[in-house]
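Data block below; observations after.
Numbering (our numbering), first residue to last: 441 to 739.
Right, here's the structure in full:
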């Protein structure tokens with residue numbers, strides 16, 4: 441058994457498809473299949489149940505998966521320990537990221553971090569179903585850190601550090617004008633809304649605020665990304681509630697403050713059950729320093 445066999449096994453377990461896993465690993469599918477067969481032979485048990493729809497973990501595979509992940513984490517920890525002795529910080533570093541990062545300039549953050557720690561390889565993992573999925577992946581040790589919204593209450597398995605907050609705003613267009621005068625949640629009773637899917641931070645904040653105010657709104661469409669949400673608003677399909685920074689550079693939609701709507705926050709999410717690797721700790725420090733500097737420049 442070699443480390444590459446574990447890497448291959450975990451990729452197939454996550455993708456549940458040999459073709460996708462092979463593409464992710466930059467292998468031909470036949471080579472990946474041989475690798476998995478050799479691992480199964482070494483363990484003396486099939487790790488996957490193969491069907492016409494794809495593959496799924498067998499009982500043996502279910503038992504083996506957390507152990508395979510633990511072995512790879514231990515290997516990385518050992519490598520990190522040697523790198524620390526040599527005065528170097530190295531990776532890999534798996535970071536989850538939301539579709540909308542608001543006014544947080546993550547591109548500059550990543551560029552600065554890479555220039556300071558060139559031996560850290562960063563894997564970015566998007567969150568197609570919002571912040572909730574990122575927190576869950578932190579709990580499963582599939583990510584080292586994540587930028588995500590957090591409800592602000594204790595969540596088993598994760599630690600949340602607030603980086604910055606940003607106002608949420610009512611997004612409208614020339615085809616669907618906002619109410620006249622100062623906008624409040626009660627003033628939006630019965631209005632039609634295009635909302636992000638449940639699991640997105642902005643959706644969670646607005647759902648909670650409307651419920652606490654005892655105000656109902658009609659959700660006429662749910663979408664999985666901010667760009668589609670803005671296009672639906674532009675077409676007059678309904679209003680939306682989004683971070684204000686998502687609207688500032690567009691001239692086809694407008695944002696209006698909602699006086700009694702809480703702010704949306706971006707948190708750095710980490711595990712509370714295991715220590716950060718040197719690379720993850722260095723990145724967490726860099727992220728907090730970047731936010732502090734950015735806020736000072738904006739002041």
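The beta carbon of each residue, even a glycine, is placed where N, CA and C say it ideally should be.
Extent of the continuous alpha helix (DSSP H) run through residue i
i: residue 650; result: 641-652
i: residue 406; result: Outside the shown range of the chain (441 to 739) lies residue 406, about which nothing can therefore be said.
i: residue 495; result: Run containing residue 495: none in the alpha helix (DSSP H); it sits in the beta strand (DSSP E), 494-497.
i: residue 624; result: No alpha helix (DSSP H) contains residue 624, which DSSP labels as neither H nor E.
i: residue 447; result: 443-455
i: residue 477; result: 469-483
i: residue 554; result: 546-556
i: residue 575; result: 571-579
Bridge-paired residues (DSSP) for residue i
i: residue 613; result: 616
i: residue 715; result: Its beta-bridge partners do not exist; DSSP assigns none.
i: residue 599; result: 710
i: residue 537; result: 566
i: residue 635; result: 662
i: residue 683; result: 608
i: residue 705; result: 605
Min CB distance residue i to chain B below 8 Å
i: residue 599; result: Structure shown: chain B not included; a single protein chain is present.
Proximal residues to residue i (C-beta, below 7 Å), its chain only, five neighbours per side dropped
i: residue 607; result: 684, 697, 703
i: residue 722; result: 529, 557
i: residue 600; result: 590, 707, 709
i: residue 485; result: 500
i: residue 455; result: 461, 464
i: residue 449; result: 476, 479, 487, 508
i: residue 677; result: 634, 660, 661
i: residue 566; result: 537, 539
i: residue 560; result: 529, 530, 531, 533, 719
i: residue 564; result: 535, 537
Nonlocal neighbours in the same chain, by C-beta distance under 8 Å from residue i, ignoring five residues either side
i: residue 452; result: 458, 461, 472, 476, 488, 495
i: residue 693; result: 611, 612, 613, 670, 673, 674, 687
i: residue 581; result: 509, 513, 711, 714
i: residue 728; result: 601, 603, 708
i: residue 725; result: none
i: residue 667; result: none
i: residue 482; result: 441, 445
i: residue 497; result: 453, 487, 488, 489, 505
i: residue 629; result: 655, 656, 657
i: residue 690; result: 670
Where the beta strand (DSSP E) through residue i begins and ends
i: residue 585; result: 585-588
i: residue 488; result: 488-491
i: residue 695; result: 694-697
Residues of its chain near residue i, where Cβ-Cβ distance is below 6 Å and the 5 sequence neighbours each way are ignored
i: residue 682; result: 611, 642
i: residue 701; result: 608, 649
i: residue 730; result: 549
i: residue 443; result: none
i: residue 619; result: 627
Problem - Stretch pair the segment 612-626 + the segment 640-660: three plus CB contacts closer than 8 Å - result: These segments touch.
Exercise for the section: Would you be able to state if there are at least three C-beta pairs under 8 Å between the segment 633-652 and the segment 569-576? Expected result: Taking 8 Å as the limit for Cβ pairs, the verdict is that the segment 633-652 does touch the segment 569-576.
Practice task
Determine, using beta-carbon pairs with one atom in the segment 547-554 and one in the segment 599-613, whether at least three such pairs fall under 8 Å.
Solution key: At 8 Å Cβ cutoff, the stretches do not touch.
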